[in-house]
Amino acid sequence: MKGLCGSRPPSFDFKMGIAQNKTACRSEEIAAYVDGELDARACALFEEHVAECSNCAEELKVQQSILRELDSALAEDVFVEMPGNFAEVVAARAQSDLSGVRERGERRRALRLCVVLAALAVALLGTAAVSESVLAPLRAVWRCCVAIFTFLGHALYDLGAGLAVVSRGIGSHLLSESRGLRLLLVLLFVTALFMLRCLIAEYHRARAID
């Protein structure tokens, strides 16, 4: 008996749907019906409800009239004829509008306006909010830049120190084991001093002639 009472035949559900369709308004289904999104059974139930409900029928007529007006408006070819010198007129107006930007007075006014807006933002948001939203990213960027430059400085210093040690070792080794190289360096130094003396004498001679 429990199984028989708990189960309902499909015809009973269909009759209950018809009864609810006659009493409950389906205003949310009007747009779906106009767009053709309802299936055959839902469409039949909706049409049966509209035949008995004057409010839904009136709303359906309004939406159908709006849809027809939209279709007719979109179906018409709207063509706006542009003047022949349209591009020249737009370019001339753009240049005239931007001519004030090139003046110094306009730049000063823009700078003052930016300062006033920044002050208003600080006053409205508060220093804590501004420091968290504006200064915090700037601090992070500054720390990153400092870390990068510090790393590069240490790397260049270590490279220079290593090259100095290597060159000192190579130079001392060559000077201690090669007397000919030492003599060549002395000759180059003497030659450089002689050429410097000649250049100085030539310079004084040219000034004396002038």
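Under our numbering, the first residue of the sequence shown carries the number 354, and numbering increases by one thereafter.
Even glycine gets a Cβ: it sits at the ideal position worked out from N, Cα and C.
With a threshold of 16 other CB atoms inside 10 Å of the CB of residue i, please say whether the residue is buried or exposed.
i: TYR386; result: buried
i: GLU382; result: buried
i: CYS551; result: exposed
i: LEU413; result: buried
i: PHE399; result: buried
i: CYS498; result: exposed
i: CYS467; result: exposed
Please state if the CB of residue j and the CB of residue i are separated by a distance shorter than 9 Å.
i: GLN416; j: ALA445; result: no
i: ALA410; j: VAL403; result: yes
Quick check on DSSP: helix, strand or coil for residue i?
i: GLY437; result: coil
i: GLU390; result: coil
i: CYS347; result: With the chain running from 354 to 563 in the structure shown, residue 347 is simply not present.
i: ARG560; result: helix
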